[in-house]
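Asks: Input: one structure, supplied below.
Numbering (the working numbering), first residue to last: 22 to 487.
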């Protein structure tokens, strides 16, 4: 009789599967025995190997995730519970693909058909078959989960109003996952969680959440279903069907729908800011430029992208890309502003005239572009440094000195007269900026407008005085 020797690879596969199934069973046993901390430890061990092992049946995997989710919930970690529940829901009712490894005799399961076909065609496998997992592999207490979700949402709102942003973020994320378990996808709560993590400076968490929302095209636009009840008060309904039913029963009238405002622009801006705080400048540029394609007038994103290029040492690339847009006629006001600012920062003296030209073009395209007016005014005033130096060099009493002093004083006044309309436009867009108020105060003094000088001196003193 011929002696059979297992290959090392085959032996390793068998050992790995056995160990993993042991850890999954240990998770479920610990959960049944209410030893939740042990259950979570075993779940973490098992889960670390799941991606590399396709031999676990979907139904067995669902029961494992349920035990892990319940253990996390009983331990008070509703976010982790929600993550496990979410994985469970991604199995129930979903189509999966199975193929048998003729060498190991094990069935392998995939939720991606292309992956299953790739594996089967590359080895000694049977033909791929498709099956659908049961809709409800485990029984969930929907009413209880719904109440827990509502409680988490209420706690999140309370915490946020109290500026307890970390707690608020955790609560909002709990609410998101719990609602998702019962079939309600509420990405708005994930967005609120991300905002809370930004406020608490947990930028790694906020970045992950913002990116997941960008990946699915989140806009934040929701439809509210509203009708007037018998008492004459407006009430909201979760679905149009619920609202229509109440109207048909005569319990409500004046049914209507209202759309909430889009949050997409804020999402892009906040995501770019978060990546910038993490010093992930390439991601800042990527997300910021995607956002600017949709919202080209967003000055915050524009500044973040510019700063990210500078911090990453890619200023020349940025300038080149903006110059291309100018040359092909596709540049907008923000592009002209960014190009002017980048050239100015790179080499002020060499690029002075170009920067002035591009700021002027930005103002032409957007007359209300406050920052463009301000920077343009600064460039107009820039030559005063030499004028003031000449004035200080000619403080004597000789006729020649007096003439030089007066001549340069007038030239300085002319600069400020040219700059003032732009400073005033900038102030109109940002009337609470102390630095801008101070600049205007000084400018009015230079041009000899005593009334405006007094007005802005009072404004400035009111801000800086305690």
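The beta-carbon is built from N, C-alpha and C at its ideal position, and this holds for glycine as well. This structure is a prediction, so every number in the text was calculated from the model and none was measured.
If I follow the unbroken alpha helix (DSSP H) through residue 365, where does it start and stop?
Replies: Here residue 365 corresponds to residue number 344 of the chain shown, with the count starting at 1. Taken as a continuous stretch (DSSP letters only), the alpha helix (DSSP H) holding residue 365 covers 354-367.
Asks: Classify residue 453 as helix, strand or coil using the three-state DSSP reduction.
Replies: In the chain shown, the residue the question calls residue 453 occupies position 432. Residue 453 falls in the coil class under three-state DSSP.
Asks: Which partner residues does residue 273 have in the DSSP bridge list?
Replies: Reading the chain shown from its first residue, position 252 is the one you call residue 273. Paired residue(s): 250.
Asks: Nearest CA to the CA of residue 436: which residue from 225, 180, 407?
Replies: By one-based count along the chain shown, residue 436 stands at place 415. Among 225, 180, 407, the Cα nearest to that of residue 436 belongs to 407.
Asks: Ordered along the chain, which non-local residues of its own chain (more than five positions away) have a Cβ less than 7 Å from that of residue 156?
Replies: Along the chain shown, one-based indexing puts residue 156 at 135. So the list reads 113, 114, once near-sequence residues are dropped.
Asks: So is residue 460 buried or exposed if we call it buried at 16+ other beta carbons inside 10 Å?
Replies: If you number the chain shown from 1, residue 460 lands on position 439. With 16 or more Cβ atoms within 10 Å of its Cβ, residue 460 is classed as buried.
Asks: What residues in its chain sit with their C-beta under 6 Å from that of residue 264, if we drop five residues either side in the sequence?
Replies: For this step, residue 264 is matched to residue 243 along the chain shown. The beta carbon of residue 264 sits closer than 6 Å to the beta carbons of 246, 248, 258, 276 from its chain, once the five residues preceding and following it are set aside; these are given in chain order.
Asks: Which residues in the same chain have their Cβ closer than 7 Å to the Cβ of residue 376, if we skip the five residues on either side of it in sequence?
Replies: The residue labelled residue 376 in the question sits at position 355 within the chain shown. Within the same chain, residue 376 has close Cβ partners 361, 364, 365, 400.
Asks: Take residue 108 as the anchor and find which of 43, 84, 215, 330 has the nearest alpha-carbon.
Replies: For the purposes of this step, residue 108 is identified with residue 87 of the chain shown, where counting begins at 1. Ranking 43, 84, 215, 330 by Cα distance to residue 108 puts 84 first.
Asks: Give me, in chain order, the residues of the same chain whose beta-carbon lies closer than 8 Å to that of residue 230; leave out the 5 immediate sequence neighbours on both sides.
Replies: Against the chain shown, residue 230 aligns to sequence position 209. Around residue 230: 194, 211, 212, 214, 215, 218.
Asks: Is the CB-CB distance between residue 354 and residue 386 below 9 Å?
Replies: Within the chain shown, numbered from 1, the residue matching residue 354 stands at position 333. Within the chain shown, numbered from 1, the residue matching residue 386 stands at position 365. In contact: residue 354 and residue 386 (Cβ atoms closer than 9 Å).
Asks: Check this for me: beta carbons of residue 65 and residue 88, under 9 Å apart or not?
Replies: The residue labelled residue 65 in the question sits at position 44 within the chain shown. The residue labelled residue 88 in the question sits at position 67 within the chain shown. Their beta carbons are not under 9 Å apart, which means residue 65 does not touch residue 88 by this criterion.
Asks: Would you tell me roughly how many angstroms separate the C-alpha atoms of residue 73 and residue 119, rounded to the nearest one?
Replies: As a position in the chain shown, residue 73 is number 52, starting the count at 1. As a position in the chain shown, residue 119 is number 98, starting the count at 1. Distance between the alpha carbons of residue 73 and residue 119 is about 16 Å.
Asks: Please classify residue 49 as buried or exposed, where buried requires at least 16 other C-beta atoms within 10 Å of its C-beta.
Replies: The residue given as residue 49 occupies position 28 in the chain shown. Residue 49 is buried by the Cβ-count criterion.
Asks: At 3 residues or longer, what runs of the beta strand (DSSP E) sit wholly inside the segment 117-183?
Replies: 128-131, 150-153
Asks: The alpha helix (DSSP H) spanning residue 92 covers which residue range?
Replies: Translated into positions along the chain shown, residue 92 becomes position 71. Residues 79-95.
Asks: What did DSSP end up calling residue 43 once you bin it into helix, strand or coil?
Replies: Here the question's residue 43 lines up with position 22 in the chain shown. Residue 43 falls in the helix class under three-state DSSP.
Asks: May I ask which residues mark the beginning and end of the alpha helix (DSSP H) holding residue 59?
Replies: Looking up residue 59 in the chain shown gives position 38. Taken as a continuous stretch (DSSP letters only), the alpha helix (DSSP H) holding residue 59 covers 57-71.
Asks: Using DSSP's beta-bridge definition, name the partner residues of residue 255.
Replies: Numbered from its first residue, the chain shown carries residue 255 at position 234. Looking at the DSSP assignment, residue 255 forms a beta bridge with 249.
Asks: State yes or no: is the C-beta of residue 103 within less than 9 Å of the C-beta of residue 198?
Replies: Taking the chain shown and counting its residues from 1, the one referred to as residue 103 is at position 82. Taking the chain shown and counting its residues from 1, the one referred to as residue 198 is at position 177. Yes.
Asks: When DSSP builds the beta bridges, which residues end up paired with residue 244?
Replies: Sequence index remark: in the chain shown, residue 244 carries index 223 (1-based). BP columns for residue 244 point to 280.
Asks: Need the endpoints of the alpha helix (DSSP H) that residue 203 sits in, please.
Replies: Numbered from its first residue, the chain shown carries residue 203 at position 182. Where residue 203 is concerned, there is no enclosing alpha helix (DSSP H), given that its DSSP letter is neither H nor E.
Asks: Is residue 415 near residue 405, with beta carbons less than 9 Å apart?
Replies: Here the question's residue 415 lines up with position 394 in the chain shown. Here the question's residue 405 lines up with position 384 in the chain shown. Cβ distance not < 9 Å, so residue 415 and residue 405 don't count as in contact.
Asks: Evaluate contact between the segment 267-286 and the segment 227-242, counting only Cβ atoms and requiring at least three cross-stretch pairs below 8 Å.
Replies: Yes: the two stretches touch, three or more of their Cβ pairs being nearer than 8 Å.
Asks: If you check the beta carbons only, do residue 359 and residue 409 fall under 9 Å apart?
Replies: Reading the chain shown from its first residue, position 338 is the one you call residue 359. Reading the chain shown from its first residue, position 388 is the one you call residue 409. It is not a contact, given that the beta carbons lie outside the stated cut-off.
Asks: Does the beta-carbon of residue 486 have 16 or more other beta-carbons within 10 angstroms, so that it is buried, or is it exposed?
Replies: Within the chain shown, the letter at position 465 stands for residue 486. It is exposed - the Cβ of residue 486 has fewer than 16 other Cβ atoms within 10 Å.
Asks: Given residue 158, which residues of its chain have a CB within under 6 Å of its CB, disregarding the five upstream and five downstream residues?
Replies: In the chain shown, residue 158 corresponds to position 137, counting from 1. These residues qualify, in order along the chain: 80, 83, 113.
Asks: Under 9 Å, do residue 165 and residue 221 count as touching if we go by C-beta distance?
Replies: Translated into positions along the chain shown, residue 165 becomes position 144. Translated into positions along the chain shown, residue 221 becomes position 200. No, the pair does not count as a contact, with Cβ atoms beyond the cut-off.
Asks: Taking 8 Å as the cut-off, does the segment 424-436 touch the segment 465-478 (at least 3 CB pairs, one atom from each stretch)?
Replies: yes
Asks: In this structure, how does DSSP classify residue 486 when only helix, strand and coil are distinguished?
Replies: One-based indexing of the chain shown puts residue 486 at position 465. The answer is coil: DSSP assigns residue 486 none of H, G, I, E or B.
Asks: Relative to the alpha-carbon of residue 57, which residue among 481, 98, 67, 69 has its alpha-carbon at the smallest distance?
Replies: Here the question's residue 57 lines up with position 36 in the chain shown. Nearest option by C-alpha distance: 98.
Asks: Answer yes if the segment 142-157 comes into contact with the segment 117-133, meaning at least three C-beta pairs across the two stretches below 8 Å, and no otherwise.
Replies: yes
Asks: Could you tell me if residue 337 is buried or exposed, where buried requires 16 or more neighbouring beta carbons within 10 angstroms of its beta carbon?
Replies: Residue 337 sits at position 316 when you count from the first residue of the chain shown. With fewer than 16 other Cβ atoms within 10 Å, it is exposed.
Asks: When DSSP labels each residue in this structure, what does residue 328 get in the three-state scheme?
Replies: Within the chain shown, the letter at position 307 stands for residue 328. Helix at residue 328.
Asks: Once you ignore the five residues that flank residue 203 on each side, which residues in its own chain have a CB closer than 8 Å to its CB?
Replies: For this step, residue 203 is matched to residue 182 along the chain shown. Same-chain partners within the cutoff: 161, 163, 166, 167, 170.
Asks: Considering just the uninterrupted stretch of the alpha helix (DSSP H) at residue 100, what are its terminal residues?
Replies: Translated into positions along the chain shown, residue 100 becomes position 79. Residues 99-110.
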